[in-house]
Amino acid sequence: MMYNPKNDYTFSIYEKEGLGGTPMDQSWLTVFPDNLRVLLAKLPPSLYAGLEEVRIREGRPLEVNAGGRYYFVTPEGGMTREPGAAFIPGKQDGNRLLDLITNHSLYTMEEELRKGFITIAGGHRIGLAGRTVLSGGKVEHLRDISGFNIRIAREIRGIADPMMPHLLDFKQHSVFHTLILSPPQHGKTTLIRDLARQISSGTWGHSEAKWPGLKVAVIDERSEIAGSKRGVPSFDVGPRTDVMDGCPKAEGIMMMIRSMSPDVLIVDEVGRPEDAEALAEALHAGVRVIATAHGSSIEDLASRPALSKLFEASFFQMYAVVRRSERGMAFRLWDGKRRRVQDPEWKGREDYA
Amino acid sequence: MLKILGAVLVITAATLSGWIQARQYANRPTQIRKLILALRRLQTEIMYGFTPLPDALQRIGEQSGDPIKSIFTGASTDMNPPFNRTAQDSLQAAIESNWKYTAMKAAEKDVLNQLSFTLGTSDRKDQLGHIATAVRQLESEEAAAREEQNRYEKMFKSLGLLCGAFIVILFY
Numbered sequence: 087m088m089y090n091p092k093n094d095y096t097f098s099i100y101e102k103e104g105l106g107g108t109p110m111d112q113s114w115l116t117v118f119p120d121n122l123r124v125l126l127a128k129l130p131p132s133l134y135a136g137l138e139e140v141r142i143r144e145g146r147p148l149e150v151n152a153g154g155r156y157y158f159v160t161p162e163g164g165m166t167r168e169p170g171a172a173f174i175p176g177k178q179d180g181n182r183l184l185d186l187i188t189n190h191s192l193y194t195m196e197e198e199l200r201k202g203f204i205t206i207a208g209g210h211r212i213g214l215a216g217r218t219v220l221s222g223g224k225v226e227h228l229r230d231i232s233g234f235n236i237r238i239a240r241e242i243r244g245i246a247d248p249m250m251p252h253l254l255d256f257k258q259h260s261v262f263h264t265l266i267l268s269p270p271q272h273g274k275t276t277l278i279r280d281l282a283r284q285i286s287s288g289t290w291g292h293s294e295a296k297w298p299g300l301k302v303a304v305i306d307e308r309s310e311i312a313g314s315k316r317g318v319p320s321f322d323v324g325p326r327t328d329v330m331d332g333c334p335k336a337e338g339i340m341m342m343i344r345s346m347s348p349d350v351l352i353v354d355e356v357g358r359p360e361d362a363e364a365l366a367e368a369l370h371a372g373v374r375v376i377a378t379a380h381g382s383s384i385e386d387l388a389s390r391p392a393l394s395k396l397f398e399a400s401f402f403q404m405y406a407v408v409r410r411s412e413r414g415m416a417f418r419l420w421d422g423k424r425r426r427v428q429d430p431e432w433k434g435r436e437d438y439a
Numbered sequence: 157m158l159k160i161l162g163a164v165l166v167i168t169a170a171t172l173s174g175w176i177q178a179r180q181y182a183n184r185p186t187q188i189r190k191l192i193l194a195l196r197r198l199q200t201e202i203m204y205g206f207t208p209l210p211d212a213l214q215r216i217g218e219q220s221g222d223p224i225k226s227i228f229t230g231a232s233t234d235m236n237p238p239f240n241r242t243a244q245d246s247l248q249a250a251i252e253s254n255w256k257y258t259a260m261k262a263a264e265k266d267v268l269n270q271l272s273f274t275l276g277t278s279d280r281k282d283q284l285g286h287i288a289t290a291v292r293q294l295e296s297e298e299a300a301a302r303e304e305q306n307r308y309e310k311m312f313k314s315l316g317l318l319c320g321a322f323i324v325i326l327f328y
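Those protein sequences? They're chains G and H, same order as listed.
Take 87 as the starting number for the first sequence in my numbering and just add one per residue.
Take 157 as the starting number for the second sequence in my numbering and just add one per residue.
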């Protein structure tokens, strides 16, 4: 590894925002009914900036998650850990919220309800819980929806800066096939969004990497990476990036390879057998692939039936395990032969910042 | 001379009011029919177009003439930003503010208000069922309105003129 990093491997998202990063996007607030919106707007600004999730459960306290901690919201807009003192959303609130989330048209969201989440403008994902209606043993519909989890998507430009130089393939003037692993809620999507932007615009973050930006194809099954609204990305995913929005990954990968001649393919949350097959196809088609999957270590991979095939055949040239602590984001790298990519400075940072 | 002018005025006024009354009877079935057609189009938008409700209402509003147009486009405006009101609230508010411009009666208003409770809050099959019910109810109202039209339209037309003539004779 030629790159000798001087910067810290931990990278605080809050610090970045303080430095004048992306201003807080408030588009997610518009889906709340008036009373809840007023309540959330009263939250302390420090908490508000780091807000990750808002959870609404009918008949139970209103919860917000920020910086890995959770709080209940009181009827006055304060914070508490005491469930009894918290604001309790009722059936009316749930119905109004659902009406606004679905743009008054639940009937257009049948596929989304089957999957259990809806993505709204701005790339924010709203998870739903309710009672399922089965048909032929499969989930056909979700009704009596009473639990909502609004995950606030954030664009953090430069979050991939520390990782980017490690992924460069100097021989091919491209990037390595990379699999990024992390548990849910640890910033995978934010990371690959920034990787897409940097690969597409050719900002490699390395003095010896002088080749121009590459054609990037993003398969955005959940509309989270690009946050597309009517087909146009609302996040900056780079000037040479094509986005296939709302498309099943396996089909999208094949469609993109056939039609858009990408240099680099980016997919989020692979995990099903057909995803792995399509990925194998892409890896053999000369397209570089950056994919993410849920997992907390590369040992986990071998035990995932769909992914173990890819893992065993050593398709990927680089594995990254990403984890976020309260201070920021940290990652560890392994190469294709599962050897740790060690840097002199890496030692002493074993425990993820 | 003045007397004749007065008599003409009285007769014209009475005839006009009779005509207006008769027109109400004539307009009601036509407007109900237009409403039914609009709901049928909404059914298509939901079933085959997967069109979101605000867009669908806007579109069917633009296709139907006034006064039905303003009910649907008004509801659509309320649903969209910056108002962001719920489908139920928007539709009911639009019905309430525009109903006086229509020739339709309380029965039809009830049907629409009933529909507003379910519009946009369930899956397609359910939506189609609710709209179909509303259409059936409106059709029966339409039949009743046609019957009333047959019975009263001509009567009010002639009644106006006759009333005018009667008053003139009485005072002449």
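Every residue, glycine too, gets a C-beta built ideally from N, C-alpha and C.
Remember, it's a predicted structure, so these values are computed and weren't measured experimentally.
Report whether the distance from the Cβ of residue i to the nearest heavy atom of the ligand PLP is below 7 angstroms.
{"i": "G/Leu137", "result": "In the structure on display, the ligand PLP does not appear, and there are no ligands present to speak of."}
Could you tell me whether the Cβ atoms of residue i and residue j are closer together than 8 angstroms?
{"i": "G/Phe321", "j": "G/Glu241", "result": "yes"}
{"i": "G/Val373", "j": "G/Leu351", "result": "yes"}
{"i": "G/Val353", "j": "G/Ile339", "result": "yes"}
{"i": "H/Ile202", "j": "H/Gln293", "result": "no"}
{"i": "G/Asp280", "j": "G/Ser309", "result": "no"}
{"i": "G/Leu328", "j": "G/Ser260", "result": "Residue identity differs from the one stated: residue 328 of chain G is Asp in this sequence, not Leu. Going by C-beta atoms, G/Asp328 is not nearer than 8 angstroms to G/Ser260."}
{"i": "G/Lys274", "j": "G/Thr378", "result": "yes"}
{"i": "H/Met235", "j": "H/Leu193", "result": "no"}
DSSP has residue i in a bridge; who is on the other side?
{"i": "G/Ile236", "result": "G/Val140 and G/Ile212"}
{"i": "G/Lys224", "result": "G/Ser221"}
{"i": "H/Trp255", "result": "DSSP, once it has assigned bridges, lists no residue as partnering H/Trp255."}
{"i": "G/Tyr157", "result": "G/Val150"}
{"i": "G/Ile305", "result": "G/Met330 and G/Val353"}
{"i": "G/Ala379", "result": "G/Leu267"}
{"i": "G/Leu254", "result": "G/Val261"}
{"i": "G/Arg409", "result": "G/Ala416"}
{"i": "G/Val318", "result": "G/Lys315"}
{"i": "G/Arg374", "result": "G/Val350"}
{"i": "H/Thr289", "result": "In DSSP, H/Thr289 forms no bridge with anything."}
{"i": "G/Phe203", "result": "G/Gly213"}
{"i": "G/Thr166", "result": "G/Phe158"}
{"i": "G/Arg229", "result": "G/Arg217"}
{"i": "G/Asp421", "result": "G/Met404"}
{"i": "G/Arg426", "result": "G/Trp420"}
Under a CB-based cut-off of 8 angstroms, is residue i close to chain H?
{"i": "G/Lys201", "result": "no"}
{"i": "G/His210", "result": "no"}
{"i": "G/His227", "result": "yes"}
{"i": "G/Gly233", "result": "no"}
{"i": "G/Gly107", "result": "With a pLDDT of only 36 at G/Gly107, under 50, the local geometry of the prediction cannot be trusted, and the value read off the model is given with reservation. Chain H contact via Cβ: absent."}
{"i": "G/Trp432", "result": "The pLDDT assigned to G/Trp432 is 40, lower than 50, so where the model puts this residue is not dependable; a value taken from the coordinates is nonetheless given after this. Cβ-Cβ to chain H under 8 angstroms: no for G/Trp432."}
{"i": "G/Ser221", "result": "no"}
{"i": "G/Pro334", "result": "no"}
{"i": "G/Gly422", "result": "no"}
Could one say the Cβ of residue i lies closer than 8 angstroms to chain G's Cβ atoms, at least one of them?
{"i": "H/Met311", "result": "no"}
{"i": "H/Leu271", "result": "no"}
{"i": "H/Phe228", "result": "no"}
{"i": "H/Phe239", "result": "no"}
{"i": "H/Gln283", "result": "yes"}
{"i": "H/Thr233", "result": "no"}
{"i": "H/Thr277", "result": "yes"}
{"i": "H/Ala243", "result": "yes"}
{"i": "H/Leu209", "result": "yes"}
{"i": "H/Arg307", "result": "no"}
{"i": "H/Arg280", "result": "yes"}
### Message
Counting beta carbon pairs with one atom in the segment 233-240 of chain G and one in the segment 137-154 of chain G, are three or more of them shorter than 8 angstroms?
### Response
yes
### Message
Does the structure place the segment 246-265 of chain H close enough to the segment 220-231 of chain H that three or more beta carbon pairs sit under 8 angstroms?
### Response
yes
### Query
Relative to chain H, which residues along the segment 172-197 of chain G have a C-beta separation below 8 angstroms, given in chain order?
Asn181, Arg182, Leu184, Asp185, Leu186, Thr188, Asn189, His190, Ser191, Leu192, Tyr193, Thr194 and Glu196
### chain H contacts from the segment 116-145 of chain G (Cβ-Cβ distance under 7 angstroms)
Thr116
### Query
Is the number of C-beta pairs between the segment 313-328 of chain H and the segment 168-175 of chain H that are closer than 8 angstroms three or more?
yes
### Task
Determine, using beta-carbon pairs with one atom in the segment 359-378 of chain G and one in the segment 322-329 of chain G, whether at least three such pairs fall under 8 angstroms.
no
### Message
I'd like to know if the segment 291-298 of chain G and the segment 247-259 of chain G are in contact, where contact means that at least 3 CB-CB pairs between them fall below 8 angstroms.
### Response
yes
### Message
Closer than 7 angstroms between beta carbons: that is the criterion. Which residues of the segment 174-206 of chain H meet it against chain G?
### Response
Ile202 and Phe206
### Query
If you measure beta-carbon to beta-carbon, which residues of the segment 213-225 of chain H are closer than 7 angstroms to chain G?
none
### the segment 191-200 of chain G / the segment 285-294 of chain H touching (three or more Cβ pairs under 8 angstroms)
no
### Query
Pairing CB atoms from the segment 204-222 of chain G with CB atoms from the segment 301-318 of chain H, are three or more of them under 8 angstroms?
no
### Message
Pairs of beta-carbons, one from the segment 180-187 of chain G and one from the segment 146-155 of chain G, closer than 8 angstroms: are there three or more?
### Response
no
### Message
For the pair the segment 417-429 of chain G and the segment 388-396 of chain G, tell me if three or more CB-CB distances fall below 8 angstroms.
### Response
no
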